[in-house]
């Protein structure tokens, strides 16, 4: 039996967020790549895996991702595999690519950071983190999601309610269905704080950052680029969650990057 060859995408969010927090990006990806297989999966402790305990080592996250793919049709087709990882999700993808060097064709890393390349206070904004910690788990989910979007995007509350109203409501519904525990958030933060990036990355990487990222300093992407000598593309106005804030811009970027493979 000859296996069908299709382009496949693995898309992974970061700290405390699940596959349902991508906003319109999810559907726009499917519309942009109608013939590709796109897998939006979750880190252990997030989304549909919110009942799992998040590991304290990034290396232990990979098996949870593989298991999600094994439950799908992912391994029934051959073809190039592209990864999109946001923040902590990007770190896990780097580890995945290190464990299985021929797995990914190319990885797109959005606003991620490395403990051995950047200072701790650049990797996460301490004032923002402390402000978030005060509100998490003692506020309504509606307010929690609003505060999260105000931190991870450059959008105002009015813009979120008007221009991104449906996505905001979708986030609320998803968080209510799959709440994350305070313990898992802290365990994920610990894992991220200890993760070292390799000095040499064999899998091709495109770094993406938002010039107005208030959560992770945009210079963290520059720190990675200075070591890996890979491509870096900056969104001029977006914050941490570029995919949520400007899905079209991100899709146009990745489409342009893989176009030679589609010819």
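In the numbering used here, the protein residues as written are 10 to 272.
Here a beta-carbon is modelled for each residue, glycine too, at the ideal position from N, C-alpha and C.
Predicted model only: the values in this text are computed from it and were never measured.
- In this structure residue 201 is buried. Its beta-carbon is surrounded by 16 or more other beta-carbon atoms within 10 angstroms.
- Restricted to the stretch 182-267, the alpha helix (DSSP H) segments that are unbroken, complete and at least 4 residues in length are 191-203, 228-237, 251-254, listed in chain order.
- Residue burial is scored here from C-beta neighbours: residue 127 has at least 16 other C-beta atoms within 10 angstroms and is therefore classed as buried.
- Secondary structure at residue 133: coil, using DSSP grouped into helix, strand and coil.
- 21 is the residue among 21, 110, 114 whose C-alpha sits nearest the C-alpha of residue 77.
- For residue 112, there is no enclosing beta strand (DSSP E), as DSSP gives it neither H nor E.
- By the criterion of a C-beta distance shorter than 8 Å, residue 81 is surrounded in its chain by 48, once the five residues flanking it on both sides are discounted.
- When rounded, the separation of the alpha-carbon atoms in residue 259 and residue 192 is 32 Å.
- In the three-state reduction of the DSSP assignment, residue 180 falls in the helix class, which pools H, G and I.
- Going by DSSP, residue 159 is part of the alpha helix (DSSP H) stretching over 150-161.
- If the five residues before and after residue 198 are omitted, its C-beta is found closer than 6 Å to no C-beta atom of its own chain.
- Contact between the stretch 227-238 and the stretch 59-66 is absent: fewer than three C-beta pairs spanning the two stretches fall below 8 Å.
- Within its own chain, the residues whose Cβ lies closer than 6 Å to the Cβ of residue 56, once the five positions on either side in sequence are excluded, are 27, 28, 187, listed in chain order.
- Following the DSSP letters along the chain, one finds residue 34 inside the alpha helix (DSSP H) bounded by residues 34-41.
- For residue 120 against residue 222, the beta-carbon gap comes to about 5 Å, under 8 Å, which counts as contact.
- Shown here, residue 117 sits in a strand according to DSSP, grouped into three states.
- Rounded to the nearest angstrom, the gap between the Cα atoms of residue 71 and residue 165 is 35 Å.
- Here residue 208 has 236 as same chain residues with Cβ atoms under 7 Å from its own Cβ, once five neighbours each way along the sequence are excluded.
- Under DSSP, residue 49 forms a beta bridge with 20.
- Within a 10 Å sphere around the beta-carbon of residue 62 sit fewer than 16 other beta-carbons, which makes this residue exposed.
- Bounds of the alpha helix (DSSP H) holding residue 169 are 166-171.
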